[in-house]
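K.L.:
Its first residue numbered 0, the sequence shown is counted upward by one per residue in numbering that gives the first Met the number 0.
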Amino acid sequence: MQTSDLISFLALLFSVLLVPISYYLGIRNIINSTYNNEIDSLGMLLDKIHNEAVNIHKNWDPKLIDIHTQIMIANHRRLQTKCDQLESIRRSKKGYPKNELRIAKQILTDRLLSEYEITRKTAIRELIYRLDDIKLFYKKVFC
Numbered sequence: 000m001q002t003s004d005l006i007s008f009l010a011l012l013f014s015v016l017l018v019p020i021s022y023y024l025g026i027r028n029i030i031n032s033t034y035n036n037e038i039d040s041l042g043m044l045l046d047k048i049h050n051e052a053v054n055i056h057k058n059w060d061p062k063l064i065d066i067h068t069q070i071m072i073a074n075h076r077r078l079q080t081k082c083d084q085l086e087s088i089r090r091s092k093k094g095y096p097k098n099e100l101r102i103a104k105q106i107l108t109d110r111l112l113s114e115y116e117i118t119r120k121t122a123i124r125e126l127i128y129r130l131d132d133i134k135l136f137y138k139k140v141f142c
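1) Give me the Cα-Cα distance between L111 and H75, rounded to the nearest whole angstrom.
2) Put D109 into one of helix, strand or coil per three-state DSSP.
3) Where I48 and L16 are concerned, what is the direct C-alpha to C-alpha distance, given to the nearest angstrom?
4) Where does P96 sit, in a helix, a strand or coil, going by DSSP?
5) The alpha helix (DSSP H) that contains N50, what's its start and end?
6) Go through its chain and collect everything with a Cβ distance to L130's Cβ below 8 Å, but skip five positions before and after it.
7) With the cut-off set at 7 Å, would you say Y137 and L85 are in Cβ contact?
8) Which one of K134, K139, F141 has the shortest CA to CA distance from M43?
9) Who are the Cβ neighbours of I38 in its own chain at under 6 Å, not counting the five residues just before and after it?
10) Just mark L107 as buried or exposed, buried being the case when its beta carbon has 16 or more other beta carbons within 10 Å.
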């Protein structure tokens with residue numbers, strides 16, 4: 000076996016080993032980057048929901064309760080969709096924050112729109128906790 004044969008054999012061996020490994024690492028990097036970007040957009044959505052809830056509380060008007068209800072239902076649906084997207088990207092065994100989303104929906108569509116101010120104040124505080132729980136459920140991953 001000559002030196003050139005040995006070099007070509009080693010080059011073939013390295014390429015056979017390194018191509019699948021680099022492919023795997025590249026795919027993992029793309030998936031993790033997408034997941035982290037979706038977590039960032041989830042954070043922006045949670046902030047938007049919180050700001051709208053505070054705005055509803057500050058500018059309370061019983062005449063606008065139907066509009067506010069529809070806005071909060073739409074926000075909850077967007078939140079649910081974002082959690083579905085995150086789950087489909089990672090396909091993790093961790094599951095889905097069902098309980099946190101259920102409680103957030105109760106707050107957004109019921110307690111936040113109560114005619115009693117004390118109930119609305121409590122709802123804002125609870126909403127902060129639930130939205131933080133949803134944010135903590137999804138952790139960023141290493142790329």
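Think of the CB as a built atom: it goes at the ideal place given N, C-alpha and C, for glycine as much as any other residue. Since the structure is predicted, the reported quantities are computational estimates derived from the model, not experimental observations.
P.N.:
Taking the structure as given:
1) 13 Å
2) coil
3) 48 Å
4) Coil, per DSSP.
5) 2 to 57
6) L45, I48, H49, A103
7) A distance below 7 Å separates the beta carbons of Y137 and L85.
8) K134
9) Y137, K139
10) buried
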